[in-house]
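Enquirer:
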Amino acid sequence: MTRSAQLDTHRRLRHLISLENLPAAEMLRLLDRAESLRQEWFANRRKLDLLHGRTVVNLFFEPSTRTRTSFDLAAKRLGADVINFDIASSSTSKGESLVDTLHTLEAMHCDAFVVRHKENGTAEFLARHVRSAAAVINAGDGNNAHPTQGLLDAYTIRRHRPDFSALTVLICGDILHSRVARSDIHALRTLGVGTLRVCAPANLLPAQTELPGCEIVEDFDTALGGADVVIMLRLQKERMQHAQVPSEQAYYARYGLDARRLRLARPDCLVMHPGPINREVEIASAVADGAQSCILEQVGNGVFVRMAVLAELLGT
Amino acid sequence: MTRSAQLDTHRRLRHLISLENLPAAEMLRLLDRAESLRQEWFANRRKLDLLHGRTVVNLFFEPSTRTRTSFDLAAKRLGADVINFDIASSSTSKGESLVDTLHTLEAMHCDAFVVRHKENGTAEFLARHVRSAAAVINAGDGNNAHPTQGLLDAYTIRRHRPDFSALTVLICGDILHSRVARSDIHALRTLGVGTLRVCAPANLLPAQTELPGCEIVEDFDTALGGADVVIMLRLQKERMQHAQVPSEQAYYARYGLDARRLRLARPDCLVMHPGPINREVEIASAVADGAQSCILEQVGNGVFVRMAVLAELLGT
Amino acid sequence: MTRSAQLDTHRRLRHLISLENLPAAEMLRLLDRAESLRQEWFANRRKLDLLHGRTVVNLFFEPSTRTRTSFDLAAKRLGADVINFDIASSSTSKGESLVDTLHTLEAMHCDAFVVRHKENGTAEFLARHVRSAAAVINAGDGNNAHPTQGLLDAYTIRRHRPDFSALTVLICGDILHSRVARSDIHALRTLGVGTLRVCAPANLLPAQTELPGCEIVEDFDTALGGADVVIMLRLQKERMQHAQVPSEQAYYARYGLDARRLRLARPDCLVMHPGPINREVEIASAVADGAQSCILEQVGNGVFVRMAVLAELLGT
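Residue numbers (UniProt numbering), protein chains in the order written: chain A, 1 to 316; chain B, 1 to 316; chain C, 1 to 316.
(1) So L296 of chain A contacts chain C; which residues on that side make the cut at Cβ distance below 9 angstroms?
(2) Can you tell which of A:C172, A:R66, A:F113 has its C-alpha closest to the C-alpha of A80 of chain A?
(3) Taking only beta-carbon positions, decide if G315 of chain A is within less than 8 angstroms of chain B.
(4) Taking any Cβ of chain B, which residues in the region 21-45 of chain C have a Cβ under 7 angstroms from it, in chain order?
(5) Am I right that V217 of chain C and L188 of chain C are in contact with their C-beta atoms under 8 angstroms? What's the rounded C-beta distance?
(6) Taking Cβ-Cβ distances below 7 angstroms as the criterion, which residues of the region 58-82 of chain B are in contact with chain A?
(7) Reducing DSSP to helix, strand and coil, say where S165 of chain C ends up.
(8) Please look up how many angstroms separate the CB atoms of L196 of chain B and G213 of chain B, rounded, as I've assumed it's under 8 angstroms.
(9) Let me check understanding here. Comparing Cα to Cα, which of B:V115, B:V305, B:R161 lies closest to A139 of chain B?
(10) Suppose you measure from the CA of Q292 of chain C to the CA of I231 of chain C; what does that come to, to the nearest Å?
(11) Nearest-angstrom Cα distance between A45 of chain A and G53 of chain C?
(12) Alpha carbon to alpha carbon, how far is S178 of chain C from H146 of chain C?
(13) Under 8 angstroms by Cβ, that's how I've got V281 of chain B and G256 of chain B pegged, so tell me the actual separation to the nearest angstrom.
(14) Could you check whether Q298 of chain B and residue 378 of chain B sit closer than 8 angstroms to each other, using their CB atoms as the reference points?
(15) To the nearest angstrom, how far is it from the Cα of F61 of chain B to the Cα of G121 of chain B?
(16) Just to confirm, is the Cβ distance from V193 of chain B to L224 of chain B under 8 angstroms?
(17) Using three-state DSSP, classify G140 of chain C as helix, strand or coil.
(18) Do L310 of chain C and L78 of chain C have their beta-carbon atoms positioned less than 8 angstroms apart in this structure?
(19) Alpha carbon to alpha carbon, how far is N301 of chain A from L105 of chain B?
(20) L98 of chain C to F164 of chain A, Cα distance in whole Å?
(21) Mind checking the region 261-276 of chain C against chain B and listing, in chain order, the residues whose C-beta falls within less than 7 angstroms of any C-beta there?
(22) Determine the burial state of P23 of chain A: buried for a count of at least 16 other Cβ atoms within 10 Å of its Cβ, exposed for fewer.
(23) Determine the burial state of D141 of chain A: buried for a count of at least 16 other Cβ atoms within 10 Å of its Cβ, exposed for fewer.
(24) Curious, which full-length alpha helix (DSSP H) runs of at least 4 residues does the region 240-295 of chain C contain?
(25) Can you give me, in chain order, the residues of the region 158-172 of chain C that have a beta carbon less than 8 angstroms from any beta carbon in chain A?
(26) Exposed or buried, N278 of chain A, counting other C-beta atoms within 10 Å across all chains shown (16 or more means buried)?
(27) By a C-beta neighbour count over all protein chains shown, 10 Å radius and 16 as the cutoff for buried, is H273 of chain A buried or exposed?
(28) Take R182 of chain A and list the residues in its own chain whose beta-carbon comes closer than 7 angstroms to its own, dropping the five residues that flank it on each side.
(29) List, in order along the chain, the chain C residues whose C-beta lies closer than 8 angstroms to that of G300 of chain A?
(30) Please classify T195 of chain A: does DSSP put it in a helix, a strand, or coil?
(31) Determine the burial state of A200 of chain C: buried for a count of at least 16 other Cβ atoms within 10 Å of its Cβ, exposed for fewer.
(32) Whole-angstrom Cβ separation of D72 of chain A and I83 of chain C, contact assumed at under 8 angstroms?
(33) Count the other CB atoms, across all protein chains shown, that sit within 10 Å of the CB of F42 of chain C; report buried if there are 16 or more and exposed otherwise.
(34) My output table needs one value for D111 of chain A: the three-state DSSP class, helix, strand or coil.
This is the structure we're talking about:
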């Protein structure tokens with residue numbers, strides 16, 4: 001999405017479709033807001049009243065646990081009502097178009113649409129068709145973007161390593177099918193991470209033009225050298241064609257993060273993963289559950305980051 | 001439903017099953033309440049506290065987007081809690097009868113049941129079996145009635161054309177399978193619309209006895225003459241037997257509302273449709289999205305009308 | 001579950017997995033809390049604020065109407081938010097393990113997990129894996145336990161017959177497959193019911209060691225003699241192997257509670273059933289809907305008992 005389409009005429013964030021071209025100042029404002037909401041939550045454990053009277057619609061065309069629940073909780077903890085739009089049993093089964101569904105829900109004075117869809121560009125498409133003041137938030141479109149994941153990953157890293165310019169961050173795994181990788185790269189580049197490195201089997205690596213500013217290292221052991229953060233990606237078996245990966249065991253042997261490999265990184269290297277994890281496929285249980293793992297912390301931070309996005313987009 | 005069954009012993013509305021035999025005074029009270037709730041909403045955009053502590057149960061045995069969501073929002077914006085009763089995954093799959101389900105939910109102190117079912121008479125059947133003070137609201141039963149749609153259509157017309165006696169309202173399309181048409185006719189007759197006219201292919205027209213007080217005109221071009229309002233109906237493909245309509249193209253040629261035809265009506269004729277629309281089947285996109293279209297306004301008004309129904313029936 | 005696992009180090013209830021080994025003092029505290037919440041509800045019909053800011057997750061791996069809705073209403077009437085975790089459309093379909101799902105939801109600061117699963121021991125398994133202060137509540141695991149049902153049955157009896165030591169309680173039906181029977185037996189024994197009697201066809205009766213302190217009577221007419229309370233069980237057709245019961249008619253002839261049989265019990269004998277009932281299979285409609293039936297009262301009490309469990313476990 002072009003910068004102007006995502007921002008309004010006052011250059012304030014209007015929708016959240018992609019982190020590509022999102023100015024660093026906007027990202028930092030969201031991360032700072034997440035931090036203040038987090039502190040407020042831990043101080044009181046009370047719901048806020050910021051979005052009282054507002055309605056957030058979850059439009060999930062792909063199954064999801066964590067992301068949908070995370071947005072659901074984020075909205076409720078800000079005092080909003082949530083409509084979980086069950087696509088399978090909805091009138092889209094009567095052939096209504098997505099845009100007509102959007103306009104119908106806008107006519108009911110819904111304020112935000114959280115959209116997940118297997119097709120790239122769905123959230124942007126909806127954002128272009130919004131007629132009211134409602135905001136569209138991309139909760140994942142195909143392999144294109146998952147901006148709240150990119151933000152929560154940046155937020156999680158910042159809580160541990162505030163000086164991004166000194167960091168080496170390695171993203172490893174199925175980059176080709178990963179909207180998480182794309183959003184992480186956009187976030188971390190914009191926020192000034194010193195070295196961004198990606199590692200994947202050649203057939204799970206997109207063209208270099210899709211990896212702006214990234215070092216590409218095919219051998220995982222080599223790639224881990226000097227890493228302050230390693231973000232492991234889920235093997236997106238459901239999006240792969242047959243035989244892109246010979247076997248899970250062979251994949252794990254070459255690209256699985258186990259305890260031996262983790263020792264090749266810096267001693268305090270953070271281990272991250274967007275979840276859900278495939279244990280002993282891309283990551284060893286001992287590492288996923290180990291002292292350096294931030295995986296569950298990412299999940300918790302996701303709620304605060306989504307609260308921040310909702311609060312900022314709905315203008316409160 | 002007989003008048004006495006829908007009203008209580010003080011002649012106040014107790015359930016909302018059908019607009020047939022509903023006194024004009026009751027209808028007007030609901031429309032006026034919708035208007036005042038609308039104004040309150042736009043002034044504050046805050047949820048009201050009228051139904052705090054009350055529980056509204058959505059019992060939808062047919063898929064629905066707009067109606068279920070509309071009731072869901074209406075209840076929440078009045079401060080009620082909503083139980084969306086997922087029929088497919090419920091104990092009705094264990095063979096529990098509908099009446100036992102009703103009594104179970106009443107025993108849990110649920111206050112209103114919003115019922116959609118493909119069988120005519122389901123809501124009335126449930127209303128007859130209610131044992132508590134709970135209200136039953138028909139959200140559509142077979143081709144019989146959809147009273148909140150009838151009310152919201154009347155409400156929408158009244159906002160634009162307050163003097164009903166001077167109006168010619170045309171309802172066009174699949175009258176035979178349409179609960180919307182039946183409820184619109186009951187509402188508009190009771191509220192004193194000057195001329196009520198229906199237009200449909202002969203095989204989609206019910207017996208004249210089902211169209212009390214209506215002119216019947218088979219040719220659509222002729223029917224449009226002098227119309228102040230035209231209500232287009234959805235071609236209920238899912239309720240039709242094979243070959244009731246030869247083809248969508250043929251149907252559109254004879255009964256589709258396009259720009260040329262709309263010019264046969266009065267210049268400021270309102271275009272309405274209960275949605276979801278079949279574009280280029282019963283209505284041209286240019287008309288559905290045009291300046292005379294009230295289709296999305298109907299959607300928005302539906303929430304206020306349902307708020308009014310819930311508030312009145314739950315006695316607050 | 002061992003006593004120490006269910007209680008915390010201060011011997012307060014931490015999870016509710018089973019009534020086996022739950023001290024009488026804990027049970028009585030829950031029943032007393034249910035009574036006070038009931039009175040507060042009927043005085044005000046307002047939601048309470050006790051669990052404001054808390055999140056209750058319904059993790060139902062088996063379809064359920066009444067239990068899920070009952071917990072949903074209980075949580076909402078205490079001011080909590082509820083996440084209904086739809087298992088079929090969740091990431092468990094991506095192969096995520098149950099424990100990883102639990103930890104993910106804990107990381108989002110969810111406070112209670114209400115779990116139903118067809119496998120015995122699922123709730124206990126989750127309770128052993130909880131890492132936060134969250135509580136696990138067993139809403140039914142296989143044929144093992146359904147502790148809130150046991151409590152609400154005890155509560156319902158106590159409201160009518162406060163002196164348990166004088167009572168004869170008969171549980172009749174498919175004891176073998178019934179988690180309700182097991183929890184009822186644990187509750188009523190612990191609370192000091194004078195005579196606990198079970199009645200079932202030989203092939204639907206578990207080993208005597210699973211029926212601690214119970215008289216076993218195979219003939220239903222004989223078993224009813226002197227009963228103050230008869231708890232009829234649902235014929236769990238969905239959990240039975242073929243031909244465990246020859247036919248519903250034959251079952252009803254021997255183990256159905258009809259008006260004639262009810263007269264064999266004490267004149268004011270209470271009739272109970274956990275629902276949903278199979279009419280004319282284990283109970284005659286005339287009895288289920290008759291003056292001695294407490295079946296719907298059980299449903300209503302269930303909400304108050306679950307409010308009590310949530311309030312006590314979440315420490316408010």
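Every residue, glycine too, gets a C-beta built ideally from N, C-alpha and C.
Expert: With the given structure in hand:
(1) Locating residue 296 of chain A in the first sequence gives position 296, counting from the first residue. In chain order: H103, T104, E106, A107, R131.
(2) What you label residue 80 of chain A is simply residue 80 of the first sequence in a count that begins at 1. Among A:C172, A:R66, A:F113, the Cα nearest to that of A80 of chain A is on A:F113.
(3) Here residue 315 of chain A refers to the residue found at position 315 of the first sequence. By this cut-off, G315 of chain A is not an interface position.
(4) R45
(5) One-based indexing of the third sequence puts residue 217 of chain C at position 217. One-based indexing of the third sequence puts residue 188 of chain C at position 188. That pair is no contact at about 16 angstroms.
(6) P63, S64, T65, R66, T69, S70, D72, L73, K76
(7) To locate residue 165 of chain C, count along the third sequence from 1; it is residue 165. Helix at S165 of chain C.
(8) In the second sequence, residue 196 of chain B corresponds to position 196, counting from 1. In the second sequence, residue 213 of chain B corresponds to position 213, counting from 1. Yes, they are in contact, since the Cβ atoms of L196 of chain B and G213 of chain B sit about 6 angstroms apart, within 8 angstroms.
(9) Start at 1 with the first residue of the second sequence, and residue 139 of chain B comes out as number 139. It is B:V115 whose Cα lies nearest to the Cα of A139 of chain B.
(10) Here the question's residue 292 of chain C lines up with position 292 in the third sequence. Here the question's residue 231 of chain C lines up with position 231 in the third sequence. Roughly 12 angstroms between the two C-alpha positions.
(11) As a working note, residue 45 of chain A is residue 45 in the first sequence. As a working note, residue 53 of chain C is residue 53 in the third sequence. Per the sequence presented here, residue 45 of chain A reads as Arg, with Ala not at that position. Rounded to the nearest angstrom, the two C-alpha atoms are 6 angstroms apart.
(12) Numbered from its first residue, the third sequence carries residue 178 of chain C at position 178. Numbered from its first residue, the third sequence carries residue 146 of chain C at position 146. About 9 angstroms.
(13) By one-based count along the second sequence, residue 281 of chain B stands at place 281. By one-based count along the second sequence, residue 256 of chain B stands at place 256. Yes, V281 of chain B and G256 of chain B are in contact; Cβ-Cβ is about 7 angstroms, under 8 angstroms.
(14) The structure shown does not extend to residue 378 of chain B, since chain B is modelled only from 1 to 316, so the question has no answer here.
(15) Taking the second sequence and counting its residues from 1, one reaches residue 61 of chain B at position 61. Taking the second sequence and counting its residues from 1, one reaches residue 121 of chain B at position 121. C-alpha separation (whole angstroms): 13 angstroms.
(16) Numbered from 1 along the second sequence, position 193 holds the residue referred to as residue 193 of chain B. Numbered from 1 along the second sequence, position 224 holds the residue referred to as residue 224 of chain B. Not in contact: V193 of chain B and L224 of chain B (Cβ atoms no closer than 8 angstroms).
(17) What you label residue 140 of chain C is simply residue 140 of the third sequence in a count that begins at 1. Correct three-state label for G140 of chain C: strand.
(18) One-based indexing of the third sequence puts residue 78 of chain C at position 78. One-based indexing of the third sequence puts residue 310 of chain C at position 310. Cβ atoms of L78 of chain C and L310 of chain C: closer than 8 angstroms.
(19) As a first step, residue 301 of chain A must be located in the first sequence, where it is residue number 301. As a first step, residue 105 of chain B must be located in the second sequence, where it is residue number 105. The alpha-carbon atoms of N301 of chain A and L105 of chain B are separated by roughly 38 angstroms.
(20) Residue 98 of chain C sits at position 98 when you count from the first residue of the third sequence. Residue 164 of chain A sits at position 164 when you count from the first residue of the first sequence. One C-alpha to the other measures close to 35 angstroms.
(21) G275, P276
(22) For the purposes of this step, residue 23 of chain A is identified with residue 23 of the first sequence, where counting begins at 1. P23 of chain A should be labelled exposed.
(23) By 1-based counting over the first sequence, the position of residue 141 of chain A is 141. Buried, since its Cβ has 16 or more Cβ neighbours within 10 Å.
(24) 248-255, 259-262, 285-288
(25) none
(26) If you number the first sequence from 1, residue 278 of chain A lands on position 278. Buried.
(27) Translated into the one-based positions of the first sequence, residue 273 of chain A becomes position 273. It counts as buried.
(28) Reading the first sequence from its first residue, position 182 is the one you call residue 182 of chain A. Excluding sequence neighbours, R182 of chain A sits near N144, A145.
(29) Here the question's residue 300 of chain A lines up with position 300 in the first sequence. Going along chain C in sequence order, the residues near G300 of chain A (Cβ under 8 angstroms) are A107, M108, H109.
(30) As a first step, residue 195 of chain A must be located in the first sequence, where it is residue number 195. Looking at T195 of chain A - three-state DSSP - the assignment turns out to be strand.
(31) Translated into the one-based positions of the third sequence, residue 200 of chain C becomes position 200. That one is buried.
(32) Translated into positions along the first sequence, residue 72 of chain A becomes position 72. Translated into positions along the third sequence, residue 83 of chain C becomes position 83. Their Cβ separation, rounded to whole angstroms, is 6 angstroms, which keeps D72 of chain A and I83 of chain C in contact under 8 angstroms.
(33) Here residue 42 of chain C is taken as the residue at index 42 of the third sequence, counted from 1. That one is exposed.
(34) As a first step, residue 111 of chain A must be located in the first sequence, where it is residue number 111. D111 of chain A: coil per DSSP, three-state reduction.
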